[in-house]
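Here is the structure we will look at, set down as structure tokens.
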Amino acid sequence: MIEIEARLDELEQLGLARRTRMVSGPQGPRVVLDGKPVLLLCSSNYLGLADHPAVREAAADAAMRWGVGAGGSRAVSGTMTIHRRLEERLAAFQQRQAALLFGSGYLANVGVVSALARAGDVVFCDELSHPAVIDGCRLSRADVFVYEHGDAEHLEWGLREADGRGSLIVTDGVFGRDGDVAPLHELVDLAARWDVRLVVGEAHGVGTLGPGGRGAVAEAGVEDGVDAIVGSLGKALGSYGAYVACDQQMAKYLACAARTLLHSTAPGPPAVAGALAALSLLEQQPRRVEKLQANAALLRDELLAAGFAVAHSPHTPIVTLPLGDAAATLRTIEKALDRGVFAQPLLPPAVPAAETGLRLAVMASHSKSELRDAARALAQAAKAAGADPAARPARLPAEPEPFDSDERELPVTANGGLPLGGDQIATPSVRAGARLAEPTPGLRGRERRAELWDDGDGWVEQSRRPARSATG
């Protein structure tokens, strides 16, 4: 018997219990939250297209013409003419031969990773990879090398130690937690040198970076070195669903092998039509991307002026404010709501204690005055909550520290070796079939710790490398 109450109590104790807040009305820069008007600073509606009149009208027209649901999976009766039209448009937008629609970003990532890797392969993924990538690795039954965040040198060491079994490197282009960008030039070079595929998740890159808003890959100019781009329709494009853009051969294979595509109902026509309209607006109005980047830069400048130690990141719409204390962070969230600003906390065990703070998301539809007011309100809220707005970021992803390769251990594990949840990713065991016994909340890759792994025959102790200091 599953003791749900006991599990809920455990989630409460770990700080993982969630309270669902209710938003009334469309996802604009201002919303009504639990009955109170607030400025929205935690939505991924980056370009303000979710409530754009043309997008809403296209979705409504599609509902009248094609109905609300697709009625089947892509492999049966769920592929309609409007799906194919969007796939053709997305392929052209990403300058790829083909694109394949999925029901959500989670389904796309799980489907792509699990289809491209198999037992005996090694998949290499960044330690801050989206949970969908982790679950895709598990489903593939491949071994997994978790390289330290943005650390191409660590990745290269793992590729060398994997002894030719590497098949896939998976990374976000723009990381959803901190808004920093992957070292794509280095990753492309490594993928070519070691003859492995490179898949880049552009959920937070499409519509926010690059020429025409094509993402971090286009911004870096490395399109030819990336095998597949996984993009979202539910963030900057304001609709729902996701896609993979790739060559014709890979698209044909994924249509046959991606279980999350084969066994899920296709996206509904209104969402598809809304995405088509949003894509047209992005292509016709590239200044929306410029406005978004300008807004992100403005908010960072205002927060710095207000005394916050803004975490390092480029002009992406995600702004992280380290506060260094979980209780003070939660108080800051409530004090900010009192001042009409809705922000998102970053709390352990999803992040290490030193990186506790706020995660803000900017939209192109925010006005300059709204962002200036928000910075002042957040500074007042932090002061009233007893938080330290000058807490320094514990991690500078753009400046990885050199390491001694003699300290390295090959963290390769079979399916199941990655514990759930953000930074709970731990250094896995080399033993095939190893599973982490008890995930350690907030455990980082550079800590020297002993972990117990269950390989089916008993417990295996796996130690870690020395920790890097918070200041580098």
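First residue of the sequence shown? That's 14 in the numbering used here, and the numbers climb one at a time after it. Beta carbons: idealized from backbone N, C-alpha and C, even for Gly.
Listed in chain order, the beta strand (DSSP E) elements of length 3 or more contained wholly in the region 32-119 are 43-46, 49-53, 111-115. Around the Cβ of Gln26, a 10 Å sphere holds fewer than 16 other Cβ atoms; the residue is exposed. Ala398 is positioned such that its CB atom lies closer than 8 angstroms to that of Thr345. Excluding sequence positions up to five before and after Leu129, its CB lies within less than 6 angstroms of the CB of Leu181, all in the same chain and listed in chain order.
Residue pairing from DSSP places Tyr160 in a beta bridge opposite Asp139. In the DSSP assignment, the residues bridged to Phe355 are Leu53. Secondary structure at Thr273: helix, using DSSP grouped into helix, strand and coil.
Annotated three-state conformation of Val194 is strand, per DSSP.
Rounded to the nearest whole angstrom, the CA to CA distance from Asn122 to Thr184 is 11 angstroms. For Arg385, the enclosing alpha helix (DSSP H) covers residues 381-398. Taking a C-beta distance under 8 angstroms as the contact criterion, Gln107 and Ala291 do not qualify as a contact pair.
Counting along the chain, Ser378 sits inside no beta strand (DSSP E), nor does DSSP assign it H or E at all.
Residues of the same chain with a CB within less than 7 angstroms of the CB of Pro358, apart from the 5 flanking positions on each side, are Thr342, Leu343, Ile346, Leu371 in chain order. The Cβ atoms of Thr92 and Ala279 sit closer than 8 angstroms to each other. Annotation: Ala255 is outside any alpha helix (DSSP H); the continuous beta strand (DSSP E) that includes it extends over 255-259. At a Cβ-Cβ threshold of 8 angstroms, Arg313 and Val302 do not count as neighbours. The continuous stretches of beta strand (DSSP E) do not include Ile15, and DSSP gives it neither H nor E. The residue among Arg34, Leu317, Tyr256 with its C-alpha nearest the C-alpha of Leu46 is Arg34. Cβ-Cβ distances below 8 angstroms link Leu317 to Val323 in the same chain, with the five nearest sequence neighbours on each side left out; the list follows chain order. Secondary structure at Arg154: coil, using DSSP grouped into helix, strand and coil. Distance from the CA of Ile331 to the CA of His198, rounded to the nearest whole angstrom, comes to 22 angstroms.
DSSP places Leu181 within a strand segment (E or B) once states are collapsed to three.
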